[in-house]
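Each number in the numbering used here comes from the position in the sequence shown (counting from 1) with 228 added on.
Where is the CB? At the ideal position from N, CA and C, for every residue including glycine.
Quick notes on the structure that follows.
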Amino acid sequence: MSVETALTTAFMVIVSVVGTGGNSLVILAILHKRRLRNIPNFFIFDLAVCDLLTVALAVPLRLVEGFQPGSIPCSIVIAVTILFDGLSRINIIFISIDRLIAVKFPFAYNTYMTNTTAAILIITGWVVMTVFAILPFLAWV
């Protein structure tokens, strides 16, 4: 094993461990403290879930694929990576939109951003990224 491979692997393991711990704490805090359950934190919660799944599933799958080629089909590793990385990016967009509405239209914020709106956005993000993630299995790409 080269020094570069060892350093990359060590970095990925550290990111997985720290990311798993940090995102788990965010999830637990929002679940535990009732006053943290508000619309902006719904998006933060979903981002933490997606990031937790990225560091707990996608990163280890990449490591296994790198050290034992063929043990896990490449298409599965790619699909998992696309799904959770894409969801993280979409959640960041949703957070940005939520904050834009809160700053630009503070008096109309509660009209635009309701629990239903947040749920629809989050579910739409999951559906869209799931479709993108399974496209390689359907041979449409």
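The beta carbon of L311 sits closer than 6 Å to those of M357 and A361, all from its chain and outside the five residues before and after it, given in chain order. Around the beta carbon of L256, fewer than 16 other beta carbons sit within 10 angstroms, so the residue counts as exposed. When DSSP states are grouped into helix, strand and coil, N266 belongs to the coil group. With distances taken between CA atoms, I306 lies nearest to L291 out of L291, I318 and I320.
S244 is a Cβ neighbour of V287, given a cutoff of 8 Å.
For A257, the enclosing alpha helix (DSSP H) begins and ends at V231 to H260.
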